[in-house]
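Quick mapping for you: the protein sequence lines, in order, are chains A and B.
In my numbering, each residue's number is its place in the first sequence (first place is 1) plus 1341.
In my numbering, each residue's number is its place in the second sequence (first place is 1) plus 1204.
Here is the structure we will look at.
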Amino acid sequence: HCRRDVLTNHWAVRVPGGPLQADRVAQKYGYRNLGRIGSLEDYYHFHHSRVVRRAAFVFRGTHSFIHMDPQVQWAQQQKVKIREKR
Amino acid sequence: SIQNDPNFNFNDPKWSSMWYIHCSDQGSPCHSEMNILGAWRRGYTGKNVVVTILDDGIERNHPDLAPNYDHLASYDVNGNDYDPTPRYDFHNVNIHGTRCAGEVAAAANNTHCIVGVAFNAHIGGIRMLDGDVTDLVEAKSLGIRPDYIDIYSSSWGPKDDGRTVDGPGPLTRQAFEQGIKKGRKGLGSIFVWASGNGGRQLDHCSCDGYTSSIYTVSISSTTEHGNRPWYLEPCSSILASTYSRGELNDRKIVTTDLHQRCTDGHTGTSVSAPIVAGIIALALEANLLLTWRDVQHLLVRTSRPLHLKADDWKTNGARLRVSHLYGFGLVDAEAMVLEASKWRTVPPQHICTHKRLRPNSYIHAGQTLNSSTVSSGCSDEADREVVFLEHVVVSVLLTHPRRGDLEISLTSPSGTRSQLLARRLYDSSNQGFRNWEFMSVHFWGEKAKGSWTLEIRDSPSKLRNTEVLGNLKEWSLTLYGTSEDPYLHHSTNQDVPGPEGAKDELDLQEEEGEEEYIGPCHSECGEQGCDGPEAEHCLNCVHFSLGRPNTERTCVSHCPLGYFGDVAAHRCRRCHRDCERCLGRSEAECTSCRRGLYMNPLSSTCVHTCPDSHYGNQEQQRCLECDDSCRRCSQDSDRCTACKHGHSLAGMTCVPECSNGTFFHLEEMSCRVCHSSCQTCTGPGKQECIRCAEGFLQQEWRCVQACAPGYYSGEPSTGRNRMCHRCEENCVSCSGPGTACLRCKDGFSLVSRTCVINSSCNNADEIFCEMVKSNRLCEKKLYRQFCCKTCLMNG
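Structure below.
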């Protein structure tokens, strides 16, 4: 019943300094900033249209450099979670 | 049971089928125990309260939802816009949110379909299940307009297949915490959650981290006749239950459906969570200042076991009845609004976290492992002190070859045993639990101080190698609660006012009772006579009087438990608070102890925790002596948990400590020699060393005289052996850690003392290589294959 992780082309990114700063970081690596994650301060939802929508492996490319950007405190590519209606 | 009320005789066509709200069918027994009509009668219908449904969207133009639809309580996380309308398809897969929304806030008296529990509440929908659900999607959904939305109702979760253990990710955890801290302008968002539907898969909802979170109100279901529905999965975090559908001949639950229709096909705990969301909306209308914890307290205090059938109903140390199937029982909307209207906010939540215990004990197949800790309830830290419990969380780190064979329970100082995990026959995972948090509400209201015992039982359900043992590596206890009595200034349930007029009738009876009584007195009355026929009417007593003088006094022949007879004064006097029976008031005059306490033979007092070398015997409620070699034991004299000097613990037995170079052989009950490479060991094999003998180095789990190829000799940490560490990946020999490779595997070249793959890239232009170099990618293991060789060759 082992299940491989399925990676999406969405990222959760922590960028202090406000939404404009987050927009700049997103643009630098080819992402689109889809706004703040709920009410979590400094956490933003980034989307990358040139990364496969659902993949079993991490795709490396220039977008991967976001993890090394000094403005970025934390970044995580989002994995699919199986959720069922009750 | 309530007969049909003419004030609430709605023209909605399905109103007559809503048996769980009113009794219109004279021929069948009524099931109005959720008292929703009672709350409506008192004027509470959810006005100005905002509820949203986190699901696959809601049909906002449904005639039953449109009047109460609130676009500010809605969002489409899947489409990233403000319209939560579900995606329509041929198979109607996205019906769920619309069905849940109708339960909460379908408009009343509009001749269309049904009536929602809070039919005047605002209703919104957050569309988030119709796409890839990720941690981000969940966190975003739970944090939408927290100052505007009061209640978030979620009827989904990880798979209920009896083999999944899953919960909120880091962002969602933060979203919950933010919600309860800052939502509703600091009062805390209310997250209602449907407990699982994995009954047939023998699932246990403690394996769902959402429903077992302290921040969610976890809701279960019962059938019309109080039976366990086929889908119900038990667990200790369920707070309360509502009616749902779950038996073939039961009446159904009706609600709104896609395409502006109505349905009676809705079932599962998805029925129950929105019903409770609606009832909480009624309570919030009664008192908008309720905090998220007030709401949980209200549910605990007002939900009732009634006729709900379960084998495990028990009364905890705070006299609350609770079950693993239904929590504290069926919700009672009228009691909720009445209590809410006069509620005083409970004292601040204190969190008392205990140090992680590292028993590192093996769990033998067919046996039970016990591990205990004594809690002071953090009594020495004012801001953390917990006296009265709310939630209790146990975090467990254990390894096991078959997770589904484990059963975990926790016993509180008051003696309440809560099952944190039942066996799950379909769970064959060998992953164990990695700091998984189990939560129980079964200790609610009890005192925190005393001994807590974690019990892990391994019952192999299928053929497996029982020589591979589970290991409880770590566990910790976190107690949530208050330092003061949360109900100190509250009236009790019995104080809930009855129907208007009842009090006047009582007054009248008292006034009429002023006339002198001339009938016979009760046999317990003394020579001064009486002013009525009952024992409460005696003016003095033959044996003992019980209760406060001039108010609730009655005459009794024997004093009840907790009292002793003062023969001289003819009065029953209270024993010390720890005694069940006693000879006098003092603590040392107890003859038996109240539940959860044990008679200490050394001091003749009742104690929460027995002294060293003793254990608390539940049946006798006494501290009995442990076996000679045990310093501490649990439940039985030979179940040792700590040993006296010169002995060490092997399972639950204390065995003599063996000298260096020997180990204790359990079968032969003697010390035997370790392998020559070991200084200390757990067995005779060369892979069972704990420390290596002089001149040996530790490599993986063995002691060797020299490091093997691919390993280098590293410095030991204090008091440890010299170690052989593995060289970097793809390196055949090295001189030390990191970039210290001397020779690489075939297919790799040595560049700057690291091994990079023997391939060239044709797309590594100058700018690209600059970026690789400026970010020092080739020094990072993850990026070492990233055109490093080409870039280095290009200078």
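Yeah, the Cβ is synthetic: ideal placement off N, Cα and C, and Gly gets one too.
Cβ distance (whole Å) where residue i is taken to contact residue j below 8 Å
i: residue 1339 of chain B; j: residue 1389 of chain B; result: In fact, because the Cβ distance is near 26 Å, the residues do not count as touching under 8 Å.
i: residue 1432 of chain B; j: residue 1529 of chain B; result: 6 Å
i: residue 1758 of chain B; j: residue 1740 of chain B; result: 5 Å
i: residue 1520 of chain B; j: residue 1659 of chain B; result: No, residue 1520 of chain B and residue 1659 of chain B are not in contact; Cβ-Cβ is about 17 Å, not under 8 Å.
i: residue 1274 of chain B; j: residue 1320 of chain B; result: Not confirmed; about 13 Å, so no contact.
i: residue 1333 of chain B; j: residue 1259 of chain B; result: 6 Å
i: residue 1354 of chain A; j: residue 1413 of chain A; result: 6 Å
i: residue 1897 of chain B; j: residue 1882 of chain B; result: 6 Å
i: residue 1425 of chain B; j: residue 1446 of chain B; result: 6 Å
i: residue 1267 of chain B; j: residue 1314 of chain B; result: 6 Å
i: residue 1323 of chain B; j: residue 1358 of chain B; result: Not confirmed; about 21 Å, so no contact.
i: residue 1536 of chain B; j: residue 1222 of chain B; result: Wrong, their Cβ atoms sit about 17 Å apart, outside the cutoff.
Buried or exposed (CB count within 10 angstroms, at least 16 for buried), residue i
i: residue 1984 of chain B; result: exposed
i: residue 1705 of chain B; result: Interpretation of residue 1705 of chain B is limited by its pLDDT of 34, a score under 50 that renders its predicted location unreliable; the figure taken from the coordinates is listed afterwards. The residue in question, residue 1705 of chain B, is exposed, as its Cβ has fewer than 16 Cβ neighbours within 10 Å.
i: residue 1378 of chain B; result: buried
i: residue 1971 of chain B; result: exposed
i: residue 1294 of chain B; result: exposed
i: residue 1662 of chain B; result: buried
i: residue 1272 of chain B; result: buried
i: residue 1905 of chain B; result: exposed
i: residue 1407 of chain A; result: buried
i: residue 1816 of chain B; result: exposed
i: residue 1832 of chain B; result: exposed
i: residue 1405 of chain B; result: buried
i: residue 1579 of chain B; result: buried
i: residue 1477 of chain B; result: buried
i: residue 1364 of chain B; result: buried
i: residue 1205 of chain B; result: Any reading at residue 1205 of chain B is ruled out, since the residue's pLDDT is 39, under 50, leaving its predicted position unreliable.
i: residue 1545 of chain B; result: exposed
i: residue 1215 of chain B; result: exposed
i: residue 1290 of chain B; result: buried
i: residue 1280 of chain B; result: buried
Beta-carbon neighbours of residue i, restricted to chain A and to distances below 7 Å
i: residue 1473 of chain B; result: 1427
i: residue 1378 of chain B; result: 1381
i: residue 1401 of chain B; result: 1427
i: residue 1398 of chain B; result: 1427
In DSSP terms, what residue i is bridged to
i: residue 1927 of chain B; result: B:1902 and B:1918
i: residue 1418 of chain A; result: A:1352
i: residue 1461 of chain B; result: B:1465
i: residue 1536 of chain B; result: Answer by DSSP bridge pairing: none, since residue 1536 of chain B is not bridged.
i: residue 1509 of chain B; result: Its beta-bridge partners do not exist; DSSP assigns none.
i: residue 1424 of chain B; result: B:1445
i: residue 1518 of chain B; result: B:1526
i: residue 1660 of chain B; result: B:1573 and B:1612
i: residue 1398 of chain B; result: B:1423
i: residue 1938 of chain B; result: B:1945
i: residue 1395 of chain A; result: A:1349
i: residue 1641 of chain B; result: B:1599
Amino acids of chain A, ordered along the chain, whose beta-carbon sits closer than 8 Å to that of residue i
i: residue 1382 of chain B; result: 1379, 1380 and 1381
i: residue 1280 of chain B; result: Those do not exist, as residue 1280 of chain B stays about 12 Å from chain A at its closest Cβ, beyond 8 Å.
i: residue 1792 of chain B; result: The contacting residues do not exist; residue 1792 of chain B stays about 55 Å from chain A at best.
Neighbour list for residue i in chain A, Cβ cutoff strictly below 9 Å
i: residue 1605 of chain B; result: The contacting residues do not exist; residue 1605 of chain B stays about 15 Å from chain A at best.
i: residue 1364 of chain B; result: 1425 and 1427
i: residue 1640 of chain B; result: Residues of chain A passing the Cβ test: none, with the nearest at roughly 16 Å.
Distance cut-off 7 Å: residue i Cβ against heavy atoms of the ligand HEM
i: residue 1356 of chain A; result: This structure does not include the ligand HEM; it has no bound ligands of any sort.
Chain B contact residues for residue i, given Cβ-Cβ distances below 8 Å
i: residue 1421 of chain A; result: 1336, 1337 and 1338
Per-residue contacts from residue i into chain B (C-beta, under 9 Å)
i: residue 1397 of chain A; result: Correct list: empty, because the minimum Cβ distance to chain B is about 14 Å.
i: residue 1372 of chain A; result: The contacting residues do not exist; residue 1372 of chain A stays about 13 Å from chain B at best.
i: residue 1404 of chain A; result: Here the premise fails: no neighbours, minimum Cβ distance about 13 Å.
i: residue 1416 of chain A; result: Residues of chain B passing the Cβ test: none, with the nearest at roughly 11 Å.
i: residue 1351 of chain A; result: 1336, 1338, 1340 and 1341
Cross-chain neighbours of residue i in chain B, by beta carbon under 7 Å
i: residue 1386 of chain A; result: 1340 and 1344
Chain A contacts made by the segment 1297 to 1319 of chain B, where a contact means CB separation under 7 Å: Of all residues in the segment 1297 to 1319 of chain B, 1300 have a Cβ within less than 7 Å of some Cβ in chain A.
Residues from the segment 1326 to 1351 of chain B in contact with chain A, defined by Cβ distance under 7 Å: 1333, 1336, 1337, 1338, 1339, 1340, 1343, 1344, 1346, 1347, 1348 and 1350
Interface residues of the segment 1356 to 1369 of chain A facing chain B [CB-CB below 7 Å]: none
Where the segment 1262 to 1294 of chain B meets chain A: residues whose CB sits under 7 Å from a CB there: 1284
Proximal residues, the segment 1557 to 1587 of chain B versus chain A, C-beta separation under 8 Å: none
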